[in-house]
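Protein chains in written order, with our numbering: chain A, 838 to 936; chain B, 838 to 936; chain C, 838 to 936; chain D, 838 to 936; chain E, 838 to 936. For each residue, glycine too, the CB sits at the ideal point set by N, CA and C. One structure is given here, and the rest of the page talks about it.
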Amino acid sequence: MVLAQVVGTLVATQKEQSLEGLKFLLLRNVDMDGKTSGGFVVAADAVQAGVGEMVLYASGSSARQTVMTDKRPCDAVVMAIVDNWEVDGEIRYKKGVND
Amino acid sequence: MVLAQVVGTLVATQKEQSLEGLKFLLLRNVDMDGKTSGGFVVAADAVQAGVGEMVLYASGSSARQTVMTDKRPCDAVVMAIVDNWEVDGEIRYKKGVND
Amino acid sequence: MVLAQVVGTLVATQKEQSLEGLKFLLLRNVDMDGKTSGGFVVAADAVQAGVGEMVLYASGSSARQTVMTDKRPCDAVVMAIVDNWEVDGEIRYKKGVND
Amino acid sequence: MVLAQVVGTLVATQKEQSLEGLKFLLLRNVDMDGKTSGGFVVAADAVQAGVGEMVLYASGSSARQTVMTDKRPCDAVVMAIVDNWEVDGEIRYKKGVND
Amino acid sequence: MVLAQVVGTLVATQKEQSLEGLKFLLLRNVDMDGKTSGGFVVAADAVQAGVGEMVLYASGSSARQTVMTDKRPCDAVVMAIVDNWEVDGEIRYKKGVND
Chain A
838 MVLAQVVGTL VATQKEQSLE GLKFLLLRNV DMDGKTSGGF VVAADAVQAG
888 VGEMVLYASG SSARQTVMTD KRPCDAVVMA IVDNWEVDGE IRYKKGVND
Chain B
838 MVLAQVVGTL VATQKEQSLE GLKFLLLRNV DMDGKTSGGF VVAADAVQAG
888 VGEMVLYASG SSARQTVMTD KRPCDAVVMA IVDNWEVDGE IRYKKGVND
Chain C
838 MVLAQVVGTL VATQKEQSLE GLKFLLLRNV DMDGKTSGGF VVAADAVQAG
888 VGEMVLYASG SSARQTVMTD KRPCDAVVMA IVDNWEVDGE IRYKKGVND
Chain D
838 MVLAQVVGTL VATQKEQSLE GLKFLLLRNV DMDGKTSGGF VVAADAVQAG
888 VGEMVLYASG SSARQTVMTD KRPCDAVVMA IVDNWEVDGE IRYKKGVND
Chain E
838 MVLAQVVGTL VATQKEQSLE GLKFLLLRNV DMDGKTSGGF VVAADAVQAG
888 VGEMVLYASG SSARQTVMTD KRPCDAVVMA IVDNWEVDGE IRYKKGVND
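As structure tokens, then:
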């Protein structure tokens with residue numbers, strides 16, 4: 838999975854019918870310190886993530902293993918909202934503190 | 838999914854039989870401001886997208902989850918035409934305005 | 838899918854048994870003007886493509902969706918020979934003209 | 838598979854329900870000498886790997902072929918803890934020696 | 838598929854149970870002249886390849902389409918040992934000659 842921050846939303850009314858009801862989020866990849874890096878992706882939202890939240894997203898066929906995305910033409914899904922992570926024994930990100 | 842702009846079309850008559858009837862589009866990836874960046878891909882069209890339109894495409898096995906592409910050797914599909922997106926609370930692209 | 842030019846062939850007699858009979862092609866990726874760029878890949882041939890021809894190849898699980906590659910350990914397949922493509926309303930490649 | 842070192846852990850309480858019980862690890866890719874390189878990924882843990890250990894992880898649909906990750910929206914899994922490897926006949930990493 | 842040279846082996850005793858019996862090889866990608874380039878990967882061996890041999894490997898779900906790797910958390914497999922390849926009508930690699 839990849840660490841990213843939700844930075845925006847996207848609307849598309851003309852789409853494959855099975856995508857009806859899916860919410861699209863714009864995500865920016867972040868590094869291990871939680872700083873946004875260059876890459877971005879559009880992902881479906883399976884966990885009601887909000888703009889500004891730090892999340893994990895899964896890509897490829899694994900992106901279809903949620904209730905929201907099953908059998909849909911979706912190759913990236915936000916499947917978790919991150920509370921915190923640590924690297925080398927040190928907290929690098931904590932929700933509510935490093936936002 | 839990846840944001841891209843439809844920039845062209847491709848014709849291939851000699852192909853795997855199951856691809857008969859699929860329309861191939863040339864897409865250029867765009868950044869969060871809707872500006873085309875270096876990368877491009879050829880994708881099948883599942884939503885009758887036209888040249889110039891801003892779209893989302895899905896890759897990998899997810900590209901076969903549309904009515905048009907099911908069970909076909911197709912690894913990229915345009916599955917939505919984008920109306921608008923916003924980043925950090927600001928509209929960055931709106932169809933008919935930023936085209 | 839990715840645009841590429843067939844530049845060579847590869848022979849491998851010692852291989853997974855299910856690959857018997859598959860033809861392996863060396864492909865160089867091309868840009869939107871049909872010029873070869875740095876990347877290359879080895880792909881199975883599902884359409885009897887010849888050296889010099891401009892083709893489309895599909896990757897990943899989609900590479901197994903042809904009669905030739907079904908259920909085989911093959912992650913790239915040439916599934917179409919390109920006749921022509923246009924970008925921004927202008928023909929960039931036409932078979933027999935830009936070869 | 839890719840060689841990496843476990844460098845941290847991640848906690849996410851709000852997530853797709855099927856992910857309940859999975860442990861998330863932060864991994865840094867390493868080169869053939871076992872030195873960490875730039876890339877990192879978040880992977881599920883199928884083998885009770887600890888921080889500091891050298892591991893192999895699998896990506897994509899293969900990441901769902903463990904007892905822990907089956908049918909879950911998980912695209913990277915630690916499926917082995919590395920004892921040692923050699924390159925050109927020379928040991929480059931040995932657990933307990935090069936840690 | 839990708840061209841690579843087998844440069845080493847890897848041992849991992851603590852692993853997902855289904856991986857028991859799989860042999861792990863370290864591979865370095867090679868260019869069209871057979872020269873090793875920067876990238877490397879760890880792949881399962883389906884064809885009893887030896888160190889020094891030039892091989893093809895398949896990635897992703899296609900890496901599970903061999904007898905050795907079926908249903909295992911393995912995302913790269915050596916599925917062929919290369920005899921020779923030619924580019925633009927010229928032999929670039931021939932086993933036993935260019936080793």
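Could you check what DSSP says for L864 of chain B in three-state terms: helix, strand or coil? strand
Starting from the C-beta of M838 of chain E, find all residues in its chain whose C-beta is less than 6 Å away, skip the five residues before and the five after it, and write them out in chain order. L893, A895
Tell me D882 of chain A's beta-bridge partners as DSSP assigns them. A:V915
Kindly indicate the opening and closing residues of the beta strand (DSSP E) around M869 of chain E. Run containing M869 of chain E: none; DSSP gives neither H nor E here.
Start-to-end residues for the beta strand (DSSP E) that takes in M891 of chain C: 891 to 896
Establish whether the CB of S896 of chain E and some CB of chain C are separated by less than 8 Å. yes
Which residues of chain G have a Cβ atom closer than 7 Å to the Cβ of S874 of chain D, listed in chain order? Checking the listed chains, one finds no chain G in this structure; the protein chains it contains are A, B, C, D and E.
What are the start and end residues of the beta strand (DSSP E) that includes L840 of chain C? 839 to 848 is the extent of the beta strand (DSSP E) around L840 of chain C.
Would you mind stating whether K852 of chain C and M916 of chain E have Cβ atoms separated by less than 8 Å? yes
Presumed contact (8 Å Cβ cut-off) between V914 of chain D and A886 of chain D, rounded CB distance: Not a contact, Cβ separation roughly 10 Å.
Cα separation between G871 of chain B and D925 of chain D? 48 Å
Beta carbon of V867 of chain C nearer than 8 Å to that of A849 of chain B: Result no, Cβ atoms of V867 of chain C and A849 of chain B do not sit closer than 8 Å.
Listed in chain order, which residues of the region 842 to 860 of chain C have Cβ atoms closer than 9 Å to some Cβ of chain E? V844, G845, T846, L847, V848, A849, T850, Q851, K852, E853, Q854, S855, L856
Check the Cβ-Cβ distances between A900 of chain A and every residue of chain B, and say whether any is below 8 Å. yes
Please report the residue range of the beta strand (DSSP E) in which R929 of chain C lies. Where R929 of chain C is concerned, the enclosing beta strand (DSSP E) stretches over 927 to 931.
Inter-residue CB distance, C911 of chain A and S899 of chain B (contact presumed, cutoff 8 Å): 6 Å
Ordered along the chain, which non-local residues of its own chain (more than five positions away) have a Cβ less than 8 Å from that of R909 of chain E? Excluding positions up to five away in sequence, the list reads E853, S855, L856, L859, A881, R901.
N-terminal and C-terminal residue of the beta strand (DSSP E) that E923 of chain C is part of: 921 to 924
Could you tell me which of B:V888, B:V844, B:V904, B:G897 sits nearest to G876 of chain B, measuring between CA atoms? B:V844
Per DSSP, Q942 of chain B is paired with what? Residue 942 of chain B lies beyond the range of chain B shown here (838 to 936); nothing can be said about it.
Chain A residues whose Cβ lies nearer than 8 Å to that of V924 of chain B: V844, G845, L863
Cutoff 7 Å; reference I928 of chain A; Cβ partners in own chain excluding five residues on either side: N921
Taking 8 Å as the limit between beta carbons, can you name the residues of its chain near K931 of chain A, skipping five residues before and five after? D920, N921
Nonlocal neighbours in the same chain, by C-beta distance under 6 Å from E945 of chain D, ignoring five residues either side: In this structure chain D extends from 838 to 936, so residue 945 of chain D is not present and cannot be described.
In chain E, which residues lie less than 7 Å from A881 of chain D when you measure between Cβ atoms? In chain order: nothing, as chain E lies at least about 10 Å away.
Here's a check: name, in chain order, each residue in its chain whose Cβ is nearer than 8 Å to the Cβ of E923 of chain B, leaving out the five neighbours to either side. If we look at E923 of chain B and ignore the five residues flanking it on each side, its Cβ neighbours are R929.
Any chain C beta carbon closer than 8 Å to A913 of chain B: yes
For V878 of chain E, which residues in chain D fall below 8 Å Cβ to Cβ? For a Cβ distance threshold of 8 Å, residue set M838, V839 of chain D lies close to V878 of chain E, ordered along the chain.
Give the interface partners of N921 of chain A over in chain D, defined as CB-CB distance under 7 Å, in chain order. V848
Counting C-beta neighbours from all protein chains within 10 Å, is the total for G933 of chain E 16 or more, i.e. buried, or is it exposed? Burial state of G933 of chain E is exposed, judged by a 10 Å Cβ sphere holding fewer than 16 other Cβ atoms.
Just the Cα atoms here: how many angstroms apart are L863 of chain E and G897 of chain B? 26 Å
Residues of its chain near N935 of chain A, where Cβ-Cβ distance is below 7 Å and the 5 sequence neighbours each way are ignored: G871
Spatial neighbours of M869 of chain D in its chain, beta-carbon cut-off 7 Å, leaving aside the 5 residues before and after: V924, R929
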